[in-house]
Structure formats: structure tokens, C-alpha cells
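Take a look at the structure set out below.
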Amino acid sequence: MTHQIPTHPTHRSRTALAALLATALLSPLAACSSSQDSSGATASGSAKPTTLTVFAAASLTKSFDQIGKDFQKAHPGVTVRFSYEGSQTLVEQLSEGAPADVLATADTKNMNTATKASLVGTTTEFATNTLTLITPPGNPASITGLDASLNGKKLVICAPAVPCGNATKQLSGKLGVTLKPVSEEQKVTDVRGKVESGEADAGIVYRTDAAASGKKVTTVAIKDAGQVINHYPIAVTKSSTNAALAQQFVSQVTSEAGQKVLADAGFSPAS
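So that you can map any letter, position 238 of the sequence shown is 223 in my numbering, and since no number is skipped, the others follow by simple counting.
The following block contains the structure:
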């Protein structure tokens, strides 16, 4: 049913009409004000939800998890998603079109491969690492080092194609030791896993991985391990859809705070 406004309104009806018109005029203004306040809060209080994907060498798991948490706190609305694998695997995935914003490898060889394929931009070295031996708790097989004590023992190492395996090959060659592993893994964390579970008598991993395993393993130092040093580079990928944010993550890794996290995990500074 339609209500018509009287042709000759009374004083009361004129007052009611004026109030109605005032309300009608004020409502859009109030809505605009509310909208502006809301958009302003969004712009200053929290950013648009964004996911940053970081491809990182498996040996960086513990330290990058912490750096990622710190980065998220400093960048509201940003979620950092990590993919931890052997460096060679990460570069292969990137070359096959897997989406990633940042690449961090455990050696310069694989990063150089990514650079030559135009998969990444400028690279920055942010840490170094060396190898050590780990055994199940208490060292039941009495391993003494990268020496004859490994003969006849179940030794697990990284495959030669991945950085920790390449470093193992170089170091054993320099020390004149022939290794006979029962298994070669595609990432260093898998070597750790087999030693922690008791499947192996010993494993060759990075110093940082031994630290990450804690009481689950016993560490046996390798004499002259410093003869082979792994250099860790990081770069923003060419395919990143959030290049500016990705660069900020790289800066977080190389910052004083990021370097402290890495040092606490057992990494040495870039050389």
C-alpha cells in the first residue's frame, strides 16, 4: 500500500517530514564516514592477506622457521610458506614452473644453476656450514671420526648431487678416506632421521643438523672438516609475484636479528 504525502500538510506532519528528510540526508554521510574509517584502518592496521613462498635447503629448516615467524610478526597479513628439500630438487622444481618467491640453497653450485637459467635475480651469501658425524645416542658402534672406525659400519650420507653429499665427497677425498655407505639420501634431514631412529650406525651431516637433533644423537667431530665449507646464497626468484616483499624477507635473513637466529642454530657468518 502506497502512502501519499498530504497536499496541505499540518504543522505536525511538516515536522515529521523534515525529520525524515534530515535522516535520509544524514544516512549516506554516516555511511561514507564509516567506510572511510574502515578503509583507513585496513590500510594502516593490517595489510592485504599475502602468502610468500620460500624454497629453502633442508638444513635451514629450524632457523628459517624462526625467521619466518619473526617476519610474519613484522608484516601483519603475510603468511610465509616454506618448502624444504635438497637444493638440487628445489632448483629442478623451480625450473619446472613451481611457484616460489625466494630461493635459498646450501651451496653456490645449485644457485649458479638457477642464475644461469634466469630463475633468480641477484644472489647474496648469508651463512656457511661444515660437516660432522652423528651416531645414535652414546655412539654404540664406537665411531671415532672419518676414518677406519667406519669400516663395516652402517653409514648413511647424502647423495653426491645434493650439497651435503658433494661436500662429503670432497672432504673424504681430501682426507684420503674411502666411504662405503649403505644409503645415500636426497636431503640431509633424511640422514638425520635414519641415525635418530637407529637404522644407521653413523651419518654425515652439517654441524647445524647435529645441533638440531640435540640429545637424539651423539656428535663425533671430523678432523679438518673446515677444509670443505658450504656457502649458503639466497635470492628473489624472477617469477615472484611479490618481489618487493620477497626482498624484505631476504633482508630479514641478512639482518642482525636474522644472523643471530642462524648463529644460534650453529651456522657461521658468510665469508
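Cβ atoms here follow ideal geometry from the backbone N, Cα and C, with glycine treated the same way. As the structure is a prediction and not an experimental result, all values here were calculated from the model.
In this structure, residue 250 lies near residue 47, with their beta-carbon atoms less than 8 Å apart.
Counting only runs of 3+ residues, the beta strand (DSSP E) found wholly inside the stretch 173 to 248 occupies 187 to 191, 203 to 205 and 215 to 222, in chain order. With a cut-off of 8 Å on Cβ pairs, the stretch 204 to 222 is in contact with the stretch 103 to 120, counting three or more such pairs.
Its chain contains 121 as the residues whose beta carbon lies nearer than 6 Å to that of residue 183, once the 5 sequence neighbours on both sides are disregarded; these appear in chain order. Here residue 135 carries a helix assignment [DSSP, helix/strand/coil].
Collapsing the DSSP output to three states places residue 70 in a strand.
Here the stretch 131 to 151 makes contact with the stretch 69 to 88; the two share three or more CB pairs at distances below 8 Å. By alpha-carbon distance to residue 237, the top candidate from 50, 34, 44 and 42 is 50.
In the three-state scheme derived from DSSP, where H, G and I count as helix and E and B as strand, residue 56 is classed as helix. Secondary-structure assignment with DSSP links residue 110 through a beta bridge to 218.
If you check the CB distance, residue 140 and residue 165 come in under 8 Å. For residue 142, the beta-bridge partners assigned by DSSP are 169.
Ranked by Cα distance from residue 160, the options 240, 246, 209 and 35 are led by 209. Residue 68 and residue 136 have their C-alpha atoms some 36 Å from each other. When the Cα atoms are used, residue 198 and residue 103 turn out to be separated by approximately 36 Å. Contact holds between the stretch 72 to 91 and the stretch 222 to 229, because three or more Cβ pairs, one in each stretch, are under 8 Å apart. Here residue 100 carries a helix assignment [DSSP, helix/strand/coil]. If you check the CB distance, residue 113 and residue 96 do not come in under 8 Å. Note that the C-beta distance between residue 133 and residue 90 is not below 8 Å.
For residue 253, DSSP records a beta bridge to 113.
Taking the C-beta atoms as reference points, residue 105 is found no nearer than 8 Å to residue 39. Under DSSP, residue 63 takes part in a beta bridge, and its partners are 35. In this structure residue 152 is in contact with residue 215, their Cβ atoms being roughly 5 Å apart against a cut-off of 8 Å. In the three-state DSSP reduction, residue 152 falls in the helix class (H, G or I). If you draw a straight line from the Cα of residue 127 to the Cα of residue 156, it comes to about 21 Å. The residues 44, 47, 48, 114, 250, 251 and 252, in chain order, have a CB closer than 8 Å to that of residue 193 in the same chain once the five nearest residues on each side in sequence are set aside.
Taking the CA atoms as reference points, residue 218 sits about 10 Å from residue 94.
Within the same chain, Cβ atoms closer than 6 Å to the Cβ of residue 34 are found at 62, the five residues on either side in sequence being excluded.
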